[in-house]
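Single-structure report; data block below.
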Amino acid sequence: MKREKKERRTGLPELPNAVKGNVVLRFAPNPNGPLSFGHARGLVINSTYAKEWDGELILRFDDTDTTVKPPLPIAYQQIPQEAEWLIGFKPHRIVIASERMPHYYEYAMKMLNEGFGYVCRCSGEDFKQFRESKTPCPCRDNSVELNIHLWNNMNDGTFVPGDAVVRVKTDMEMKNPALRDWPALRIQDTQKNPHPREGIGSKYKVWPLLDFQSAVEDYLQGVTHIIRGKDLMDSTRKQTLLYQHFGWKYPETMYWGRVKVHEWGGFSTSQMRRDIEAGLFEGWNDPRLPTLSALKERGITAQALRNFWVELGVTQKDISVPLSTLYSHNTKEIDASAPRVSFVKNPIQVSLSGECPDHVSIAVHPNDKSMGLRKFELNNNSVYLNSEDCQQNEVRLKDFCDINLDGSSAQITSIERKDRRPIIHWVGSNCVDAELIVVENGEIMSIAGKMENHQHPIGTMLQLERIGYGIIVAENKIVLTHD
RNA sequence: GCUCGUGUGGUGUAGCUAGGUCCAUCAUAGUGGGUUUUCAUCCCGCCGACCCGGGUUCGAAUCCCGGCACGAGCACCA
Numbered sequence: 028m029k030r031e032k033k034e035r036r037t038g039l040p041e042l043p044n045a046v047k048g049n050v051v052l053r054f055a056p057n058p059n060g061p062l063s064f065g066h067a068r069g070l071v072i073n074s075t076y077a078k079e080w081d082g083e084l085i086l087r088f089d090d091t092d093t094t095v096k097p098p099l100p101i102a103y104q105q106i107p108q109e110a111e112w113l114i115g116f117k118p119h120r121i122v123i124a125s126e127r128m129p130h131y132y133e134y135a136m137k138m139l140n141e142g143f144g145y146v147c148r149c150s151g152e153d154f155k156q157f158r159e160s161k162t163p164c165p166c167r168d169n170s171v172e173l174n175i176h177l178w179n180n181m182n183d184g185t186f187v188p189g190d191a192v193v194r195v196k197t198d199m200e201m202k203n204p205a206l207r208d209w210p211a212l213r214i215q216d217t218q219k220n221p222h223p224r225e226g227i228g229s230k231y232k233v234w235p236l237l238d239f240q241s242a243v244e245d246y247l248q249g250v251t252h253i254i255r256g257k258d259l260m261d262s263t264r265k266q267t268l269l270y271q272h273f274g275w276k277y278p279e280t281m282y283w284g285r286v287k288v289h290e291w292g293g294f295s296t297s298q299m300r301r302d303i304e305a306g307l308f309e310g311w312n313d314p315r316l317p318t319l320s321a322l323k324e325r326g327i328t329a330q331a332l333r334n335f336w337v338e339l340g341v342t343q344k345d346i347s348v349p350l351s352t353l354y355s356h357n358t359k360e361i362d363a364s365a366p367r368v369s370f371v372k373n374p375i376q377v378s379l380s381g382e383c384p385d386h387v388s389i390a391v392h393p394n395d396k397s398m399g400l401r402k403f404e405l406n407n408n409s410v411y412l413n414s415e416d417c418q419q420n421e422v423r424l425k426d427f428c429d430i431n432l433d434g435s436s437a438q439i440t441s442i443e444r445k446d447r448r449p450i451i452h453w454v455g456s457n458c459v460d461a462e463l464i465v466v467e468n469g470e471i472m473s474i475a476g477k478m479e480n481h482q483h484p485i486g487t488m489l490q491l492e493r494i495g496y497g498i499i500v501a502e503n504k505i506v507l508t509h510d
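Every number in our numbering is 27 more than the matching position in the first sequence, counting from 1.
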């Protein structure tokens, strides 16, 4: 039997044990801020597989922490919108963990009643000792009755945070210390730190931790494949132990490694939140931040982001990628439809002498004549040139004429191109004062200049000739996307 | 420290499960050239890699052992 093993694979690796039409995936961010560039990977990979296998994608808010990473109310609106923008369809289901508490309680009770969970009253410090020395803690042998009693104490306010947690009984001899009797639910002070969801607020004192909540919810939702960061590998192992207790089959799993971007480093939502609150940034869509909203506003397309992440695939390597890779994908997406616009920074006015027409018409896009023409007026034979371009005396105004420069005046020497003199861009008399915003080395710079008149609406991605691609963010205001 | 995971050109990525067709794929970056009245797009060329050391084998990027490096988990965060 012959195998076509040497065929080069393209796109994402095959989803293991997947049945077409019967695949359920999920993307589960903490709504403690809007989505970041890093979240895009989870969304793109999971949604691409969902599409490929006629499956479903669940967007799940893992909002069970009110103290360390408290949820941000606007994120519940913003994340679904950003997700839809990025992946091109609405997630099939949206699940909010904080609204599913009764389910988690049900399985916590089941765990206690069946004796594979217990209420542990050891301090964190003490349990750490037990874990490291592979010693069962004193609470491990609690009777079911005592556990139920203590569970009630956790819920009725007898206990405060730190007094007790519910643990999953695994095996204190487990090789991997992370798996030894791991914590499943704990108490939070929801008087002091209420949950921001309406109706949830201070309703519950006992909250599940990620490993428990996620495990139960994946089961309840019928998730077939979990694809997530490899930092959650131990989470899989913990959850698999829980699944064994319950007699459930754990989903197939795949992992990706850590990603950094050369220019940004990591992208922690919590850190961004602190920096914004400290006034270091203007808000979540400050163009310097690696949030999805900032990227979108800067002119990065959803398709470019998708192509970028699919190309990286789901390897477990920790990688650091340059932004130029993303920019290259973006250029491929937008170039063919980006109208050309002339923007002259450091403009100097130059008056032309010689045979000067009253206007010049230039193609909106050199490779697509159907996009029409743009008209550069030449009232008073006046043009604006970039002063840096005027270091040389003999230049050619792009799509117009050869000139010999002399200070603020210039002689038109030929309409036809006569020699190999450098070609520079320019604007005519029908130009406007405009502002170009450039983000460089973590700084926002504003460059004033003259821009040709155009009637492209806000949001249009265009190409500034000899500068780069940009997006119109306001009248006469362009943000440079990239070269 | 314990546990888990990963190591292919500058950066990513394919190939590794079932060893030969791999003097190793594709992309990006860099570089040279062509088209083009943009420093854009497009096209062509060049550059450049299997972490190290053993072993098995006629043959190893692929299997085994041992190093080394990097990352993550060991939270009453997600």
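From the three backbone atoms N, C-alpha and C, an ideal C-beta is built for every residue, glycine too.
* Cβ-Cβ separation, alanine 205 to arginine 148 (assumed contact under 8 Å), whole Å -> That pair is no contact at about 21 Å.
* Tell me, please, which residues DSSP counts as bridged to arginine 53. => Ile85
* Pull up the distance between the alpha-carbon of lysine 504 and that of lysine 323, whole angstroms please. => The straight-line gap separating the alpha-carbon atoms of lysine 504 and lysine 323 is approximately 16 Å.
* To do: Mind the definition here: the stretch 83-92 touches the stretch 121-132 only if three or more C-beta pairs lie below 8 Å; say whether that holds.
  => yes
* Asked: How many Å lie between methionine 138 and glutamate 111 at the Cα?
  -> 37 Å
* To do: Below 8 Å on the Cβ atoms is my guess for proline 210 versus leucine 236; work out the distance and round it to an integer in Å.
  => 6 Å
* Roughly how many whole angstroms lie between the Cα atoms of aspartate 510 and arginine 300? -> 29 Å
* Asked: Counting only runs that start and end within the stretch 279-361, where is the alpha helix (DSSP H) found for 4 or more residues in a row?
  -> Listed in chain order, they are 296-304, 319-325, 329-339, 350-361.
* **Of the listed residues Thr267, Gln490, Ile85, nearest to alanine 363 (C-alpha basis)** => Gln490
* Spatial distance of valine 71 from phenylalanine 54 (CA atoms) -> 9 Å
* What residues in its chain sit with their C-beta under 7 Å from that of serine 436, if we drop five residues either side in the sequence? -> If we look at serine 436 and ignore the five residues flanking it on each side, its Cβ neighbours are Val377, Ser378, Ser380.
* **Residue closest to arginine 194, alpha-carbon to alpha-carbon, out of Pro188, Glu200, Asp208** => Asp208
* Asked: Based on the DSSP output, what are the partners of tyrosine 411 in its beta bridges?
  -> Gln376, Val454
* Are the beta-carbon atoms of glutamine 240 and tyrosine 103 separated by less than 7 Å? -> no
* To do: Return the bridge partner residues of methionine 478 from the DSSP annotation.
  => Phe370, Val459
* To do: Grab me the residues of isoleucine 227's own chain with a C-beta within less than 6 Å of its C-beta, minus the 5 sequence neighbours each way, in chain order.
  => Answer for isoleucine 227: Ser125, listed in chain order.
* Alpha carbon to alpha carbon, how far is leucine 339 from arginine 35? Give it in angstroms, no decimals. => 15 Å
* Asked: Is aspartate 395 near the ligand PLP, with its Cβ less than 6 Å from a heavy atom?
  -> Of the ligands one can find in the structure shown there are none, so the ligand PLP has no counterpart to examine.
* If I'm right that valine 410 touches leucine 400 with Cβ under 8 Å, what's the distance once you round it to whole angstroms? => Distance from valine 410 to leucine 400 at the Cβ level is roughly 18 Å; contact not present, criterion being Cβ atoms closer than 8 Å.
* Asked: Hey, how far is the Cα of asparagine 334 from the Cα of serine 262?
  -> 29 Å
* **At least three beta-carbon pairs within less than 8 Å, the stretch 73-84 to the stretch 298-313** => no
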